[in-house]
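Colleague: Note that the working numbering has the sequence shown beginning at 7, numbered continuously upward.
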Amino acid sequence: MKAKPAPCAAPDPGLRRLEQKYEAIAEMTRPKCLGECPEPGACCQPRYCDLAEARARQFGVGLPPQAHPTLRFMGPAGCVVPPYLRPLCAVHVCEPHLLHGGPFAEAYFELREEVCELEEKLGPGWPEGLARHYWE
Ligand code: SF4
Numbered sequence: 007m008k009a010k011p012a013p014c015a016a017p018d019p020g021l022r023r024l025e026q027k028y029e030a031i032a033e034m035t036r037p038k039c040l041g042e043c044p045e046p047g048a049c050c051q052p053r054y055c056d057l058a059e060a061r062a063r064q065f066g067v068g069l070p071p072q073a074h075p076t077l078r079f080m081g082p083a084g085c086v087v088p089p090y091l092r093p094l095c096a097v098h099v100c101e102p103h104l105l106h107g108g109p110f111a112e113a114y115f116e117l118r119e120e121v122c123e124l125e126e127k128l129g130p131g132w133p134e135g136l137a138r139h140y141w142e
């Protein structure tokens, strides 16, 4: 079962664009976490699932529980939470991928900055998410 779309997703082009950017950054970080990491998915923790659930609640979105023994939103093909509802998970990548620069780090920082700017444009009504203070 897929998550219901957010009730405020369609009418606001800024929000739709932000959702797309979150999807893009999640696509960028996922292969690092699930493909290249010696402990794939090790950074997932139940408390981050809690954060995703709380954020989804802010949007009136119900998340479908999965059968994973500890991560209730981890399905057989990966996390089922739309990236904009799990901002911390979507943008997370371990520091070794970023410390020495290179094409991945450059593209990551550029995209992350776009996410921050889009969130800031949505203004104070935007639920707390990937606020810039996470990173600075
Ligand atoms: S990526 Fe999904 S399964 Fe992993 S901690 Fe975040 S919400 Fe939970």
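Glycine included, every Cβ here is placed at the ideal spot set by N, Cα and C.
Measuring alpha carbon to alpha carbon, tell me which residue in G107, P109 and V97 is nearest E228.
Modeller: Nothing about residue 228 can be read from this structure; the chain reaches only from 7 to 142.
Colleague: For M34, write down the residues that DSSP places opposite it in a beta bridge.
Modeller: The partner list for M34 (beta bridge, DSSP) is empty, contrary to what the question assumes.
Colleague: Alpha carbons only, please: which of M80, E116, P88 and R118 is nearest the one belonging to A48?
Modeller: With distances taken between Cα atoms, A48 lies closest to M80.
Colleague: So, does the CB of K38 fall closer than 8 Å to a CB anywhere in chain C?
Modeller: In the displayed structure, chain C is absent; only one protein chain is listed.
Colleague: For a quick check, are the C-beta atoms of L91 and A58 less than 8 Å apart?
Modeller: Yes.
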